[in-house]
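Residue 175 in the numbering used here sits at position 174 of the sequence shown, with consecutive numbering throughout.
Just so you know, even glycine gets a beta-carbon here, dropped at the ideal spot from N, CA and C.
Some notes on the structure that comes next.
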Amino acid sequence: MTIVRIEVRDLSKTFGSGSGQVPAVDRVSFDLRQGEFVALLGPSGCGKSTILNMIAGLIPHSGGSIRVDGTPVEAGKVKPQVGYVFQRDTVFAWRTVARNIGYGLEIKGLPKAEREAKVARMIAQARLKGFEDAFPLTLSGGMRQRVSLMRTLIMEPQILLMDEPFGALDTHTKLEMHQILLELWERERQTVVFVTHDLSEALTLSDRIILLSARPGRIKQDFTVPFARPRDAIKLRETKEYGEVFAKVWHSLGEEFAATKAE
Ligand SMILES: Nc1ncnc2c1ncn2[C@@H]1O[C@H](COP(=O)(O)OP(=O)(O)OP(=O)(O)O)[C@@H](O)[C@H]1O
Ligand SMILES: [Mg+2]
2 MTIVRIEVRD
12 LSKTFGSGSG
22 QVPAVDRVSF
32 DLRQGEFVAL
42 LGPSGCGKST
52 ILNMIAGLIP
62 HSGGSIRVDG
72 TPVEAGKVKP
82 QVGYVFQRDT
92 VFAWRTVARN
102 IGYGLEIKGL
112 PKAEREAKVA
122 RMIAQARLKG
132 FEDAFPLTLS
142 GGMRQRVSLM
152 RTLIMEPQIL
162 LMDEPFGALD
172 THTKLEMHQI
182 LLELWERERQ
192 TVVFVTHDLS
202 EALTLSDRII
212 LLSARPGRIK
222 QDFTVPFARP
232 RDAIKLRETK
242 EYGEVFAKVW
252 HSLGEEFAAT
262 KAE
């Protein structure tokens, strides 16, 4: 039996009021099953972050409904099984790497020894050994983003919402992050919604791509990503199959990029 973890029905969002209304999301519906890795793909401004923020319960929706594990999402009430990795890295500049990663457990009141053991494990998995006592300002963008990611993962969220977490990184660093994320996900198989406007990234990581139209975001197409797992972020791109699926989705995505430009 497949368990539905996230159920989105006719979800809409309009910002502002009166003549200043901005329709951002228009009647979006989809289901996310247990352990599925789904990419929400679409051009800038099409409402991707807005959808994620509504699923997380960070902002209210204007229409439709969202259920996480069968219960409705209410704005202002973040569900404990949901973790969020933001579009910009949100590490605390005044905390070291270890204390950034351990932040959530500190708030939760976990005893120090237990906390430190968990932090050490996360640091090893993120390939940040030797940087435990470094401050974020002294790290590269990729390292900072790994700290951000681990700060969320240490809370062991079963549902992971990620908003273009690697958007600001160069191609090489991005690929490195993809490899790390693939390895981490293979181990835990969280249910993931990964927002991006980068098709290569969506193909590398996800099982399924939900393609959104230019603003207001509507679902344009739902593609299955057929590549076998475990995946190698670099080798995957050299396969014939990758090229074929890329071409298929690219055409559809390109139409939406053009629509955004024409606005
Ligand atoms: N708080 C807000 N008030 C008014 N309009 C907003 C607000 N937040 C977002 N919008 C508008 O809603 C639309 C969708 O924004 P959103 O941030 O969801 O896009 P996005 O797909 O995440 O874009 P990007 O890829 O650039 O991050 C945009 O036109 C944006 O200007
Ligand atoms: Mg966004």
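From which residue to which residue does the alpha helix (DSSP H) around residue i run?
i	result
M156	First-last for M156: undefined, no H or E at that position.
E133	Segment: none, E133 is in no alpha helix (DSSP H) and carries neither H nor E.
E115	113 to 126
For the beta strand (DSSP E) containing residue i, list its first residue and its last residue.
i	result
V98	Segment 98 to 102 is the alpha helix (DSSP H) holding V98; no beta strand (DSSP E) there.
Q222	220 to 225
L42	38 to 42
V5	5 to 16
If distances are taken between C-alpha atoms only, which option among the options comes closest to residue i?
i	options	result
M151	L200, V92, S141, R209	V92
H179	G218, I235, Q159, R209	I235
S141	L12, D233, E117, F167	F167
K262	A215, F224, D223	A215
P44	F31, A25, V148, V5	A25
Distance check for residue j and residue i, CA to CA, integer angstroms please.
i	j	result
T3	Q35	7 Å
Y243	K249	10 Å
D164	T51	10 Å
S201	L111	39 Å
V29	V9	7 Å
P267	S66	There is simply no residue 267 to check, as the chain begins at 2 and stops at 264 in what is shown.
W95	F16	34 Å
A125	H252	40 Å
P231	R238	14 Å
L170	G143	7 Å
L176	D199	12 Å
F136	A57	29 Å
G105	M156	7 Å
What is the C-beta distance between residue i and residue j, in whole angstroms, given that I count them as a contact (C-beta under 8 Å)?
i	j	result
L53	V196	6 Å
A99	L206	The pair is not a contact, with the Cβ atoms about 27 Å apart (cut-off 8 Å).
D90	R145	5 Å
V194	L154	Incorrect: roughly 15 Å between the Cβ atoms, too far for contact.
Unbroken stretches of the beta strand (DSSP E), 3 residues or longer, contained in the stretch 185 to 240
192 to 197, 209 to 213, 220 to 225
Give the list of continuous alpha helix (DSSP H) stretches no shorter than 4 residues that lie fully inside the stretch 25 to 87.
Those alpha helix (DSSP H) runs which fall completely within the stretch 25 to 87 and span 4+ residues are 49 to 57.
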